[in-house]
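Just so you know, numbering that gives the first Met the number 0 puts 87 at position 88 of the sequence shown, and the rest follows in order with no gaps.
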Amino acid sequence: MEYITFLNKFLWGGPILALLLSTHVIMTIRSRFVQKKVLTGIRYSAGQKGGASVLFTTLAATLGTGNIIGVSTAIALGGPGALFWCLITGFFGMATTYYECYLSTKYKTSEGGGPMYVMRDVMNKPFLGKTYAFFMLLVCMSTGCLTQSNAVSVSFGQTFGISPVICGFLVAIISGLVIVGGKESIVKACTKIVPVLCVFFILGCLFFLCKNIIYIPASIRLIINDAFSLKACSGGLAGGGFILAARYGIARGLFTNEAGMGSAGVFAGSSNLSAHTQALVSMTATFWDTVVICTVTGLVIISSFLADPSSINGYGSGEYVMAAFSSVPYIGKPFLSLAICGFAISTIIGWFYPGEQSVRFLFESKEEHILPIIKTIYIVMVFLGSVFSLEQIWELADLFNIFLIVPNVYMLLFFKSVKK
Numbered sequence: 000m001e002y003i004t005f006l007n008k009f010l011w012g013g014p015i016l017a018l019l020l021s022t023h024v025i026m027t028i029r030s031r032f033v034q035k036k037v038l039t040g041i042r043y044s045a046g047q048k049g050g051a052s053v054l055f056t057t058l059a060a061t062l063g064t065g066n067i068i069g070v071s072t073a074i075a076l077g078g079p080g081a082l083f084w085c086l087i088t089g090f091f092g093m094a095t096t097y098y099e100c101y102l103s104t105k106y107k108t109s110e111g112g113g114p115m116y117v118m119r120d121v122m123n124k125p126f127l128g129k130t131y132a133f134f135m136l137l138v139c140m141s142t143g144c145l146t147q148s149n150a151v152s153v154s155f156g157q158t159f160g161i162s163p164v165i166c167g168f169l170v171a172i173i174s175g176l177v178i179v180g181g182k183e184s185i186v187k188a189c190t191k192i193v194p195v196l197c198v199f200f201i202l203g204c205l206f207f208l209c210k211n212i213i214y215i216p217a218s219i220r221l222i223i224n225d226a227f228s229l230k231a232c233s234g235g236l237a238g239g240g241f242i243l244a245a246r247y248g249i250a251r252g253l254f255t256n257e258a259g260m261g262s263a264g265v266f267a268g269s270s271n272l273s274a275h276t277q278a279l280v281s282m283t284a285t286f287w288d289t290v291v292i293c294t295v296t297g298l299v300i301i302s303s304f305l306a307d308p309s310s311i312n313g314y315g316s317g318e319y320v321m322a323a324f325s326s327v328p329y330i331g332k333p334f335l336s337l338a339i340c341g342f343a344i345s346t347i348i349g350w351f352y353p354g355e356q357s358v359r360f361l362f363e364s365k366e367e368h369i370l371p372i373i374k375t376i377y378i379v380m381v382f383l384g385s386v387f388s389l390e391q392i393w394e395l396a397d398l399f400n401i402f403l404i405v406p407n408v409y410m411l412l413f414f415k416s417v418k419k
């Protein structure tokens with residue numbers, strides 16, 4: 000694990016950050032600043048038949064513990080400035096999500112869509128397509144579920160005293176019952192669960208922001224100052240300076256919105272909408288995921304710390320949100336634990352869809368024999384995630400994401416520009 004940590008520190012400390020940010024900027028320019036059409040995308044997601052189901056399934060995969068635990072980890076390890084870079088990743092990443100979903104929808108096949116199909120059928124890079132699909136399946140079978148079940152076991156253990164084994168078993172059973180039903184079951188569950196979860200969690204965060212409203216201006220100043228600081232600071236919520244803030248902010252931003260990984264394109268490939276319309280709808284997932292939910296989560300953490308600096312004493316890097324919610328006796332911790340559980344299960348369910356599509360792409364005629372085995376392994380991995388170390392899981396998440404970023408970014412940069 001030390002080697003993985005060292006490799007992540009090097010890659011995320013410069014090369015991958017530069018690759019992602021430059022790609023986001025290039026896609027923003029190439030798509031003529033498509034972010035300005037986010038309200039149009041929101042309108043399409045509500046008004047176009049099929050738009051909402053793809054959006055909520057995409058959000059199910061991206062809205063998870065990364066929005067809660069991941070933001071907490073980013074701020075704890077990278078300082079308050081990490082939230083700024085997380086937000087920047089989401090804002091500019093909207094263009095990347097638009098582009099990868101546009102291509103995936105335009106060049107979808109009867110089997111489905113996604114970057115792997117674009118690489119194979121349009122760019123004539125079959126090996127690259129298979130490589131991408133292989134790592135998509137690997138991410139699905141590991142970090143797509145491990146981080147989620149781990150977060151539930153930690154949260155429920157602290158709040159209700161339930162053992163990790165029991166939590167892992169229950170989460171595996173609940174998510175497994177949906178997954179065995181296939182695509183239709185996954186889409187149906189996500190469409191019902193995600194809207195309720197979003198409203199539930201945002202209302203809880205808004206309560207804390209109102210409670211700490213006098214500390215919001217100071218929180219914003221702290222975030223901006225730390226995001227561009229050349230020196231690390233000391234203190235309870237230590238500022239890591241520019242390098243650490245960017246490293247953890249962008250890494251966690253990517254993990255939660257997945258812009259640049261291409262997973263949103265896999266979901267978009269199941270849509271019946273036009274390529275441009277579906278790309279706008281999918282782009283809003285990145286907006287809601289990072290620009291909205293990660294921002295309010297981060298502000299809750301930082302404003303709560305400024306209101307009571309001792310509140311984080313005794314809490315680990317992934318538990319700063321729990322520290323903030325604990326300021327409300329009796330209901331704070333249970334509220335957050337239930338939110339984490341809901342987001343985690345929806346992500347586990349939603350993330351299996353890209354894995355299923357990868358199996359179809361890789362094994363084609365043999366998928367009927369392979370898919371049941373993959374489903375079984377996936378459910379077992381959900382259980383095992385509940386007893387793994389959180390730090391190890393996040394390090395693996397950062398490393399595996401790189402294996403999706405590189406081929407997907409290659410596709411985006413070396414494909415012709417989108418013409419709307």
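A virtual CB, placed ideally from N, CA and C, is assigned to each residue, including glycine.
In chain order, what residues of the same chain lie with their CB nearer than 6 Å to the CB of residue i, ignoring the 5 residues before and after it?
{"i": "threonine 72", "result": "Ser316 and Gly317"}
{"i": "lysine 418", "result": "Residue placement at lysine 418 cannot be trusted, given a pLDDT of 47 that sits under 50; what the coordinates show is reported in the next sentence. Here the set comprises nothing."}
{"i": "alanine 217", "result": "Leu305"}
{"i": "phenylalanine 200", "result": "Ala338"}
{"i": "alanine 322", "result": "Ser310, Ile311 and Tyr314"}
{"i": "glutamate 99", "result": "Gly261 and Gly264"}
Below 7 Å CB to CB, which residues in the same chain sit around residue i once its five sequence neighbours on both sides are set aside?
{"i": "phenylalanine 351", "result": "Cys139, Ile178, Ile185 and Tyr377"}
{"i": "asparagine 211", "result": "Ser302, Ser303 and Ala306"}
{"i": "tryptophan 11", "result": "Arg246, Ala250 and Asp397"}
{"i": "valine 121", "result": "Tyr106"}
{"i": "threonine 296", "result": "Asn66, Ile67, Val70, Cys204 and Val320"}
{"i": "asparagine 7", "result": "Glu394, Asp397 and Leu398"}
{"i": "asparagine 224", "result": "none"}
Count the other C-beta atoms from every protein chain shown that fall within 10 angstroms of the C-beta of residue i, then say buried if there are 16 or more, exposed otherwise.
{"i": "valine 153", "result": "buried"}
{"i": "isoleucine 311", "result": "buried"}
{"i": "glutamate 394", "result": "buried"}
{"i": "arginine 31", "result": "exposed"}
{"i": "valine 299", "result": "buried"}
{"i": "leucine 16", "result": "buried"}
Would you mind reading off the limits of the alpha helix (DSSP H) that contains residue i?
{"i": "phenylalanine 133", "result": "125-140"}
{"i": "proline 14", "result": "14-29"}
{"i": "glycine 331", "result": "331-362"}
{"i": "isoleucine 173", "result": "163-178"}
{"i": "methionine 380", "result": "366-384"}
{"i": "glutamate 1", "result": "1-11"}
{"i": "valine 70", "result": "68-77"}
Can you tell me which of the three DSSP states residue i falls into?
{"i": "glycine 156", "result": "helix"}
{"i": "glycine 203", "result": "helix"}
{"i": "glycine 143", "result": "helix"}
{"i": "glycine 111", "result": "strand"}
{"i": "serine 302", "result": "helix"}
{"i": "methionine 260", "result": "coil"}
{"i": "leucine 86", "result": "helix"}
{"i": "serine 233", "result": "Below a pLDDT of 50, predicted positions are generally treated as unreliable, and serine 233, at 49, falls in that range; no measurement from the model is reported."}
{"i": "leucine 272", "result": "coil"}
{"i": "serine 228", "result": "coil"}
{"i": "serine 316", "result": "coil"}
{"i": "aspartate 307", "result": "coil"}
{"i": "phenylalanine 55", "result": "helix"}
Below 8 Å on the Cβ atoms is my guess for residue i versus residue j; work out the distance and round it to an integer in Å.
{"i": "threonine 294", "j": "leucine 86", "result": "6 Å"}
{"i": "methionine 26", "j": "leucine 403", "result": "Contact flag wrong, Cβ pair sits at about 16 Å."}
{"i": "valine 265", "j": "proline 125", "result": "Going by Cβ atoms, the distance from valine 265 to proline 125 rounds to 18 Å, so no, they are not a contact pair."}
{"i": "threonine 88", "j": "serine 281", "result": "Not confirmed; about 16 Å, so no contact."}
{"i": "alanine 244", "j": "glycine 92", "result": "The Cβ separation is near 17 Å, so there is no contact."}
For residue i, which residues from the same chain have a beta carbon less than 8 Å from its beta carbon, with the 5 sequence-adjacent residues on both sides left out?
{"i": "phenylalanine 227", "result": "Gly80 and Phe241"}
{"i": "proline 333", "result": "Thr158 and Phe159"}
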